[in-house]
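In our numbering, the protein residues as written are 925 to 1303.
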């Protein structure tokens, strides 16, 4: 039985700053390890090293070079020296993008240590399906809350697109019309520069207690693990994985390393269920890939009376373990709360921002849905 009291206790236990790569993240890992062992289960661990370059340095280089290049091209399109500078900047950007295709392998700048923790519960009869319950153990604080950062990223991207379009139009203009056009073009350039400055000034620290992000997810996965470790609740046709990732807040490094252990599985035999930042509402982030066999399973969540938010896609600037699998076209669901973006990554991310009963209700919905889904997958 899912317990609201247990959920609240887990929330209290994990609501402390635990920046990835620090002793406090290691503390969270050890607490999770012992809590799992107390259930009579012996989890697997996966230690790894990661670089902070991908999440903390690389984006700032791209933002700075992007603004510099596009602004110079718009204002001085036919100056040879500017064209050369733009080509050099563009080449650097393309090189970095190519280099960051697999950021988990990068060893630039500063690199730290973290670890994943996971439990694999075998099915009783067949191994037709694999369900992954995923959450991340780490937290982070930042100078600006996540909603400001997302708005800055959107403003940067959209103003960049507008400036690119204006550069094309500019090449057909001359005289007074060109002068007026250049003056008008300063508007998106100023917006782009302001957004770029916000993103450059944003720094990471260990100030956030990380209650919503992501003690809430940890509490859900623990409660589901406790439920399914009981023999009577084990799936007959589904292999259940319970994954606690490290360094999610530093470029989803934990799930990138864990993926190496499961990438051999057929996508049509996998469902991802990610829990990331659930406060007092539930937002469903869906997947791009929805095979026919998955639709009924998915729609039961969308239409359930205990889940009130409509499905929304993850937009620019949002990254999570669930989004990692979404980009790889795995079927799955991520449960979060868009309203929590107003205090996430700040010292205000505290336990009072969470409704434990909502987490309990969500776990019960998942259990009921998967019970039916397990029957459908019988040989």
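Glycine included, every Cβ here is placed at the ideal spot set by N, Cα and C. This structure is a prediction, so every number in the text was calculated from the model and none was measured.
Query                                                                                                                                                       : Result
Using the DSSP secondary-structure output, state which residues sit across from residue 1195 in a beta bridge.                                              : 1055
Please confirm whether residue 1152 and residue 1041 have their CB atoms less than 8 Å apart.                                                               : no
Taking the alpha helix (DSSP H) that residue 1079 belongs to, which residues open and close that run?                                                       : 1070–1094
Could you give the distance in angstroms between the alpha-carbon of residue 1099 and the alpha-carbon of residue 1083?                                     : 25 Å
Since residue 1173 and residue 1064 are thought to touch, with beta carbons under 8 Å apart, how far apart are those beta carbons, to the nearest angstrom? : 4 Å
Assuming contact is defined by CB atoms lying nearer than 8 Å, are residue 1069 and residue 1248 in contact in what I supplied?                             : no
Alpha carbon to alpha carbon, how far is residue 1253 from residue 1088? Give it in angstroms, no decimals.                                                 : 30 Å
Helix, strand or coil: which one does DSSP assign to residue 1203?                                                                                          : coil
Tell me the DSSP bridge mates of residue 1038?                                                                                                              : 972
Identify which residue in 997, 969, 1221 and 1017 has its Cα closest to the Cα of residue 981.                                                              : 1017
Once the 5 residues before and after residue 1221 are set aside, which same chain residues still bring their CB inside 6 Å of it?                           : 1297
Cutting at 6 Å between CB atoms, please list the residues of its own chain near residue 1177, excluding the five before and the five after it.              : 974, 1028 and 1171
When we look at the beta-carbon of residue 971 and count the other beta-carbons within 10 Å, is it buried (16 or more) or exposed?                          : exposed
Could you tell me which residues DSSP puts in a beta bridge with residue 1165?                                                                              : 1044 and 1056
Excluding sequence positions up to five away, which residues of its chain have a Cβ less than 7 Å from the Cβ of residue 1258?                              : 1198, 1200, 1209, 1244 and 1246
Along the chain, where does the alpha helix (DSSP H) that runs through residue 1292 open and close?                                                         : 1280–1300
Which residues share a DSSP beta bridge with residue 1129?                                                                                                  : 1065
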